[in-house]
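Everything below concerns the one structure shown next.
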Amino acid sequence: MNAQLTNLAISLGAMQLARRIPFEDPDVLLYVRIAYVGVQVFVLGVYYYVSLKIKQKNDLTVLKYVEPANPLSGETSGGLVTSTVRDYDLQQTSQAVRSVYTGVAFMVFLHGYLQYTQPLFIQSVMGLKALYESKEVALHLLGQKAEGDLKRPFKAAPGLFGAMSQPATDQASIKEAEKAAKTAKKDE
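In the numbering used here, each residue carries its 1-based index in the sequence shown increased by 97.
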């Protein structure tokens, strides 16, 4: 099933389930808060463990790709990125951790300031789902091979308004980006 449809189905299911939870009861609210904090701590702990596994493997295989151009910047092509598998995986894990922190900050605002309670339950479910769908978790914790969707650099999920451009890994794009970088250095 498509990832966007799965997200929608789980979100709607969690919302319907959250409607049936009596959040007015202080004991229930306390348990939902504990569950939310527990899930976020668990997710952060798993990402920390994944980063330790990445550092332990220390895969220094060179990874070259051309970043897609940022459509808002007006650039026609992205830059060449030369990295290692280790650094790329650590960057992706760090990005996932920042995403968790952003979600927690948003929930502090929604629940702490606006007093919304249902999002606590929904985000607990969605946090576990995001962890399960994480490509880094699939590679380093579940032991899946780096093939197909798990091949580095990871393909970005399409946005709300259509498909995003993907990183180019073919030799022609890499050579073209290297040539463009050399001419840009000469012009300086």
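Note that the Cβ used here is the ideal one computed from N, Cα and C, for glycine as well.
Rounded to a whole number of angstroms, what is the C-alpha to C-alpha distance between Gly-259 and Gln-137?
Residue 259 sits at position 162 when you count from the first residue of the sequence shown. Residue 137 sits at position 40 when you count from the first residue of the sequence shown. Only weak support is given to the placement of Gly-259: the predicted model assigns it a pLDDT of 49, under 50, and the value that follows is read from those uncertain coordinates. Linking Gly-259 to Gln-137 through their CA atoms gives a straight-line distance of about 30 Å.
Kindly identify the DSSP beta-bridge partner or partners of Ser-231.
Within the sequence shown, residue 231 is the residue found at index 134, counting from 1. Answer is none; Ser-231 lacks a bridge partner.
My parser needs the beta strand (DSSP E) runs of 3 or more residues fully inside the region 109 to 191; what are they?
Within the region 109 to 191, the beta strand (DSSP E) runs of at least 3 residues that lie entirely inside it are, in chain order, 159 to 163 and 177 to 181.
Taking one C-beta from the region 229 to 241 and one from the region 150 to 168 each time, how about it: are there three or more such pairs within less than 8 Å?
yes
With distances taken Cα to Cα, identify the nearest neighbour of Tyr-198 among Gly-142, Gln-212 and Tyr-213.
Numbered from 1 along the sequence shown, position 101 holds the residue referred to as residue 198. For the residues Gly-142, Gln-212 and Tyr-213, the minimum Cα distance to Tyr-198 belongs to Gly-142.
With Val-129 and Leu-217 assumed to form a contact (beta carbons below 8 Å), what rounded beta-carbon distance in angstroms separates them?
Position 32 of the sequence shown holds residue 129. Position 120 of the sequence shown holds residue 217. Rounded, the Cβ-Cβ distance is 5 Å, consistent with contact.
Beta-carbon separation of Arg-249 and Val-182 under 8 Å?
Position 152 of the sequence shown, counted from the first residue, corresponds to residue 249. Position 85 of the sequence shown, counted from the first residue, corresponds to residue 182. Taking 8 Å as the Cβ cut-off, Arg-249 and Val-182 qualify as a contacting pair.
Find out if the Cβ-Cβ distance for the pair Lys-150, Ile-271 is shorter than 8 Å.
Residue mapping note: residue 150 aligns to position 53 of the sequence shown, counting from 1. Residue mapping note: residue 271 aligns to position 174 of the sequence shown, counting from 1. Against a cut-off of 8 Å, the Cβ pair of Ile-271 and Lys-150 comes out as no contact.
Which same chain residues, not among the five before or five after Ala-115, have their C-beta less than 7 Å away from its C-beta?
As a first step, residue 115 must be located in the sequence shown, where it is residue number 18. Excluding sequence neighbours, Ala-115 sits near Gln-215, Phe-218 and Ile-219.
I'd like to know whether the C-beta atoms of Thr-190 and Tyr-144 end up nearer to each other than 8 Å.
Numbered from 1 along the sequence shown, position 93 holds the residue referred to as residue 190. Numbered from 1 along the sequence shown, position 47 holds the residue referred to as residue 144. Closer than 8 Å, so yes.
Quick check on DSSP: helix, strand or coil for Ala-253?
Here residue 253 refers to the residue found at position 156 of the sequence shown. In this structure, Ala-253 counts as coil in the three-state DSSP scheme.
Is the beta carbon of Tyr-111 sitting closer than 8 Å to the one on Val-222?
In the sequence shown, the residue the question calls residue 111 occupies position 14. In the sequence shown, the residue the question calls residue 222 occupies position 125. It should be noted that the sequence gives Ala, not Tyr, for residue 111. For Ala-111 and Val-222, yes; Cβs fall inside 8 Å.
Can you tell me whether Tyr-133 is buried or exposed, with buried defined as 16 or more other CB within 10 angstroms of its CB?
Taking the sequence shown and counting its residues from 1, one reaches residue 133 at position 36. Label assigned to Tyr-133: buried.
What does the alpha-carbon distance come out to for the pair Thr-179 and Val-159?
Working through the sequence shown from its first residue, we reach residue 179 at position 82. Working through the sequence shown from its first residue, we reach residue 159 at position 62. When rounded, the distance between both Cα atoms is 7 Å.
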